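Trainee: Before I ask anything, let me first share the structure, which is written out below as structure tokens.
Numbering (this note's numbering), first residue to last: 6 to 331.
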């Protein structure tokens with residue numbers, strides 16, 4: 006699409022009273038219409054997001070009709086409140102793009118720690134606990150045991166960004182870009198459902214619905230469709246499809262944990278996390294490679310599943326599980 010057409014596309018959105026109402030209502034009012042609109046304009050999401058940013062940063066009084074001249078007066082008036090630059094009489098799209106970018110930068114500066122910013126809101130789950138919480142827009146997160154997610158609730162409408170430590174499943178309502186940041190990479194979506202594993206230096210993403218953009222910290226990027234999995238191994242972001250018959254399945258949500266050629270020490274950490282128990286074993290066992298699975302409904306069954314393939318034995322003593330070689 007040519008530059009002029011892109012500008013016309015953005016302008017049409019900013020002047021659309023239904024679009025303004027949708028954005029200003031935190032993407033609730035007339036959401037079915039605009040969700041369908043996004044689905045059919047995925048190649049123009051940059052322009053849609055730009056229009057959302059502009060509308061978000063302006064003080065609109067929602068009316069059935071939007072007068073062009075009054076629209077630009079509002080834009081100019083809003084700009085005066087944030088800038089001390091000389092009056093600009095002619096508004097063009099380069100200026101509008103600059104306004105949106107500047108507004109984002111101002112927001113980042115204002116919420117920087119040490120400048121009186123409110124603390125991030127935090128969702129946490131304890132050991133052997135699974136927790137489901139809701140974000141301000143109605144998007145949902147299910148945290149696996151021993152996980153934590155933080156976000157800026159005050160800035161949520163402008164920037165849907167979550168920092169994740171641990172493992173979580175997200176069900177994202179359509180709207181502006183939704184980003185999950187982890188130590189080893191980030192996940193970006195618009196409206197979809199997906200799982201992120203960021204525990205113990207892991208980085209694995211499973212797409213359940215919609216499309217998911219995955220980027221590792223070294224810049225590798227992958228686009229996932231439903232049932233696709235992206236995993237970071239030895240610094241390389243690799244993808245594969247879930248086995249047939251598991252479409253739409255996020256194993257850990259069903260209590261299942263599967264491992265492929267995983268260090269046994271990591272498997273043991275998951276046992277401890279799911280059952281709130283301390284596993285005692287010789288450190289030399291940490292580097293054994295394990296392929297298999299366990300479910301988190303019965304401790305005995307789980308310990309049997311992880312020990313017999315490696316010719317280990319176990320016994321439970323109170324809140325400890327002792328693993329030894331046969």
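From the three backbone atoms N, C-alpha and C, an ideal C-beta is built for every residue, glycine too. Nothing here was measured: the structure is a model prediction, and the numbers come from that model.
Excluding the five sequence neighbours on either side, which residues of its own chain have a C-beta within less than 7 Å of the C-beta of residue 233, listed in chain order?
Mentor: The residue you call residue 233 lines up with position 228 of the chain shown. Correct list, in chain order: 212, 244 and 246.
Trainee: Short check: CB of residue 205 to CB of residue 274, under 9 Å?
Mentor: Numbered from its first residue, the chain shown carries residue 205 at position 200. Numbered from its first residue, the chain shown carries residue 274 at position 269. Yes.
Trainee: Which value, in whole angstroms, describes the spacing of the CA atoms of residue 207 and residue 150?
Mentor: Position 202 of the chain shown, counted from the first residue, corresponds to residue 207. Position 145 of the chain shown, counted from the first residue, corresponds to residue 150. Going by the C-alpha atoms only, they are around 15 Å apart.
Trainee: CB-CB under 8 Å to residue 112, same chain, minus the five flanking residues each way: which ones, in chain order?
Mentor: Sequence index remark: in the chain shown, residue 112 carries index 107 (1-based). Per-residue confidence for residue 112 stands at a pLDDT of 37, beneath the threshold of 50, marking its modelled position as unreliable; the derived number appears in the next sentence. Taking C-beta separations shorter than 8 Å and ignoring five residues to either side along the sequence, the partners of residue 112 in its chain run 160, 163 and 164, following chain order.
Trainee: For residue 110, which residues of its own chain have a beta-carbon under 7 Å away from its beta-carbon, when the five flanking residues on both sides are left out?
Mentor: Taking the first residue of the chain shown as 1, we reach residue 110 at position 105. Only weak support is given to the placement of residue 110: the predicted model assigns it a pLDDT of 38, under 50, and the value that follows is read from those uncertain coordinates. Nothing listed; no residue qualifies.
Trainee: Looking at the structure shown, is residue 18 part of a helix, part of a strand, or coil, going by DSSP?
Mentor: Numbered from its first residue, the chain shown carries residue 18 at position 13. Residue state, collapsed to three classes: helix.
Trainee: Can you check the segment 211 to 254 for any beta strand (DSSP E) of at least 3 residues that lies completely inside it and give the ranges in chain order?
Mentor: 217 to 221, 226 to 229, 233 to 238 and 241 to 246
Trainee: Under a Cβ-count criterion, where at least 16 other Cβ atoms within 10 Å of its own Cβ denotes burial, should residue 127 be classed as buried or exposed?
Mentor: As a position in the chain shown, residue 127 is number 122, starting the count at 1. It is exposed - the Cβ of residue 127 has fewer than 16 other Cβ atoms within 10 Å.
Trainee: On the criterion of 16 or more Cβ atoms from any shown chain inside 10 Å, does residue 325 qualify as buried, or is it exposed?
Mentor: Within the chain shown, the letter at position 320 stands for residue 325. With fewer than 16 Cβ atoms within 10 Å of its Cβ, residue 325 is classed as exposed.
Trainee: So residue 193 and residue 187 are in contact, right, with Cβ under 8 Å, and what is the actual spacing, rounded?
Mentor: To locate residue 193, count along the chain shown from 1; it is residue 188. To locate residue 187, count along the chain shown from 1; it is residue 182. The pair is not a contact, with the Cβ atoms about 12 Å apart (cut-off 8 Å).
Trainee: Take residue 327 and list the residues in its own chain whose beta-carbon comes closer than 6 Å to its own, dropping the five residues that flank it on each side.
Mentor: The residue you call residue 327 lines up with position 322 of the chain shown. Once the five neighbours on either side are set aside, the close Cβ partners of residue 327 are 285 and 320.
Trainee: Just the C-alpha distance for residue 23 and residue 33, rounded to the nearest angstrom, thanks.
Mentor: One-based indexing of the chain shown puts residue 23 at position 18. One-based indexing of the chain shown puts residue 33 at position 28. Rounded to the nearest angstrom, the two C-alpha atoms are 11 Å apart.
Trainee: If we ignore side chains and look at the alpha-carbon of each, how far apart do residue 219 and residue 236 end up?
Mentor: Looking up residue 219 in the chain shown gives position 214. Looking up residue 236 in the chain shown gives position 231. Here the alpha carbons of residue 236 and residue 219 stand approximately 10 Å from one another.
Trainee: Rounded to whole angstroms, what is the Cα-Cα separation between residue 175 and residue 300?
Mentor: Here the question's residue 175 lines up with position 170 in the chain shown. Here the question's residue 300 lines up with position 295 in the chain shown. If you take the alpha carbons of residue 175 and residue 300, they lie about 21 Å apart.
Trainee: Does DSSP put residue 195 in a helix, a strand or coil?
Mentor: Your numbering for residue 195 matches position 190 in the chain shown. The answer is coil: DSSP assigns residue 195 none of H, G, I, E or B.
Trainee: Per DSSP, residue 168 is paired with what?
Mentor: Taking the first residue of the chain shown as 1, we reach residue 168 at position 163. Looking at the DSSP assignment, residue 168 forms a beta bridge with 155 and 186.
Trainee: Relative to the C-alpha of residue 37, which residue among 19, 55, 312 and 179 is closest?
Mentor: Indexing the chain shown from 1 puts residue 37 at position 32. Comparing Cα-Cα distances from residue 37 to each of 19, 55, 312 and 179, the minimum goes to 179.
Trainee: Is the beta carbon of residue 139 sitting closer than 9 Å to the one on residue 154?
Mentor: What you label residue 139 is simply residue 134 of the chain shown in a count that begins at 1. What you label residue 154 is simply residue 149 of the chain shown in a count that begins at 1. Cβ distance not < 9 Å, so residue 139 and residue 154 don't count as in contact.
Trainee: Let me know if residue 209 comes out buried or exposed under the rule of 16 or more other beta-carbons within 10 Å of its beta-carbon.
Mentor: What you label residue 209 is simply residue 204 of the chain shown in a count that begins at 1. Counting Cβ neighbours within 10 Å, residue 209 comes out buried, since at least 16 surround it.
Trainee: Which whole-angstrom value describes the C-beta separation of residue 170 and residue 144, a residue pair presumed to lie in contact below a C-beta threshold of 8 Å?
Mentor: Taking the first residue of the chain shown as 1, we reach residue 170 at position 165. Taking the first residue of the chain shown as 1, we reach residue 144 at position 139. Rounded, the Cβ-Cβ distance is 19 Å, inconsistent with contact.
Trainee: Roughly how many angstroms lie between the CA atoms of residue 125 and residue 305, to the nearest whole one?
Mentor: As a working note, residue 125 is residue 120 in the chain shown. As a working note, residue 305 is residue 300 in the chain shown. Cα-Cα distance, rounded: 40 Å.
Trainee: Since residue 271 is in the alpha helix (DSSP H), which residue starts that stretch and which ends it?
Mentor: Counting from 1 along the chain shown, the entry for residue 271 is found at position 266. Looking at the DSSP string, the run of the alpha helix (DSSP H) that includes residue 271 is 269 to 280.
Trainee: What are the boundary residues of the beta strand (DSSP E) that residue 309 is part of?
Mentor: Translated into positions along the chain shown, residue 309 becomes position 304. Judged by DSSP secondary structure, residue 309 falls outside any beta strand (DSSP E) and instead within the alpha helix (DSSP H) spanning 304 to 312.
Trainee: Smallest Cα separation from residue 191: which of 157, 228 and 215?
Mentor: Position 186 of the chain shown, counted from the start, is the residue given in the question as residue 191. Nearest option by C-alpha distance: 228.
Trainee: Quick check on residue 321: does DSSP put it in helix, strand or coil?
Mentor: Your numbering for residue 321 matches position 316 in the chain shown. In the structure shown, residue 321 sits in a strand (DSSP, three-state: E or B).
Trainee: Please go through the same chain and pick out, in chain order, the residues whose beta-carbon is closer than 7 Å to the beta-carbon of residue 238, but skip the five residues on each side of it.
Mentor: In the chain shown, residue 238 corresponds to position 233, counting from 1. Nothing meets the Cβ criterion.
Trainee: Return the Cβ separation of residue 276 and residue 241 in integer angstroms, given the expectation that the two are a contact with Cβ distance under 8 Å.
Mentor: The residue you call residue 276 lines up with position 271 of the chain shown. The residue you call residue 241 lines up with position 236 of the chain shown. Incorrect: roughly 28 Å between the Cβ atoms, too far for contact.
Trainee: If we ignore side chains and look at the alpha-carbon of each, how far apart do residue 177 and residue 196 end up?
Mentor: Start at 1 with the first residue of the chain shown, and residue 177 comes out as number 172. Start at 1 with the first residue of the chain shown, and residue 196 comes out as number 191. Near 5 Å, if we compare the C-alpha coordinates of residue 196 and residue 177.
Trainee: So, residue 291 versus residue 268, is the Cβ gap smaller than 9 Å?
Mentor: Counting from one through the chain shown, the residue named residue 291 turns up at place 286. Counting from one through the chain shown, the residue named residue 268 turns up at place 263. Yes, Cβ-Cβ distance for residue 291 and residue 268 is below 9 Å.
Trainee: Excluding the 5 residues flanking residue 14 on each side, which residues of the same chain have their C-beta closer than 6 Å to its C-beta?
Mentor: The count along the chain shown starts at 1 and reaches residue 14 at position 9. Here the set comprises 52.
Trainee: Please classify residue 17 as buried or exposed, where buried requires at least 16 other C-beta atoms within 10 Å of its C-beta.
Mentor: As a position in the chain shown, residue 17 is number 12, starting the count at 1. Burial state of residue 17 is exposed, judged by a 10 Å Cβ sphere holding fewer than 16 other Cβ atoms.
Trainee: CA-CA distance, residue 56 and residue 46?
Mentor: Here residue 56 corresponds to residue number 51 of the chain shown, with the count starting at 1. Here residue 46 corresponds to residue number 41 of the chain shown, with the count starting at 1. One C-alpha to the other measures close to 14 Å.
Trainee: Among all the DSSP beta bridges, which residues are the ones paired with residue 135?
Mentor: Taking the chain shown and counting its residues from 1, one reaches residue 135 at position 130. According to DSSP, which records beta bridges pairwise, residue 135 is partnered with nothing at all.
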